[in-house]
Amino acid sequence: MIGCKDTSCVKDTLNALLNRYGIGKNITEIVLENIDGLATYKDNKVIINVLKYDEIANEASGQSEIVSAFLLLSSLYSLVGTKRMEEIIRNEYGKESPIYKLYEILFK
Numbered sequence: 003m004i005g006c007k008d009t010s011c012v013k014d015t016l017n018a019l020l021n022r023y024g025i026g027k028n029i030t031e032i033v034l035e036n037i038d039g040l041a042t043y044k045d046n047k048v049i050i051n052v053l054k055y056d057e058i059a060n061e062a063s064g065q066s067e068i069v070s071a072f073l074l075l076s077s078l079y080s081l082v083g084t085k086r087m088e089e090i091i092r093n094e095y096g097k098e099s100p101i102y103k104l105y106e107i108l109f110k
């Protein structure tokens, strides 16, 4: 997957990807809140729907790699949308990677 086990690592990975793809945003925090929709970006924060997060965390049975991949995908979704997110995930991890397969389950 992405090699992360906590939100700090996800944030660092996300910022590295944003930099690499010339997306002029810097994420300072990833937070969970009750919001409409999956995720949103505001004031350098990615806010992820806590109910969706809980659903994924429960389905993943505590597998931090899957939860981290969900956080990365949700964050990218809030920043660049599904089309650009697919391009980034495909280029960085490949179409056969577990994170790309999770992308397909969640966003296609």
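Residues in the sequence shown are numbered from 3 upward in steps of one, following this note's numbering.
Even for Gly, the Cβ is constructed at its ideal location relative to N, Cα and C.
| Check | Outcome |
| --- | --- |
| Excluding five sequence neighbours on each side, which residues of the same chain lie with their C-beta closer than 7 Å to the C-beta of A59? | V69 |
| Given that a residue counts as buried once 16 or more other Cβ atoms are within 10 Å of its Cβ, and exposed if not, what is K85? | exposed |
| Can you tell me where the alpha helix (DSSP H) with Y55 in it begins and where it stops? | V52 to E61 |
| Considering only DSSP beta bridges, list what A41 is partnered with. | I50 |
| Within the same chain, show all residues whose beta-carbon is closer than 8 Å to that of E35, passing over the 5 residues directly before and after it, in chain order. | I49, I50, N51 and V52 |
| With distances taken between CB atoms, is the gap from L74 to V12 smaller than 8 Å? | yes |
| Does DSSP put E98 in a helix, in a strand, or in coil? | coil |
| Out of Y23, T15 and I37, which has the shortest C-alpha to C-alpha gap to T30? | T15 |
| State the beta-bridge partners of I32 as determined by DSSP. | V48 |
| Tell me which residue opens and which closes the alpha helix (DSSP H) that C6 is part of. | Taken as a continuous stretch (DSSP letters only), C6 belongs to no alpha helix (DSSP H), as it is neither H nor E. |
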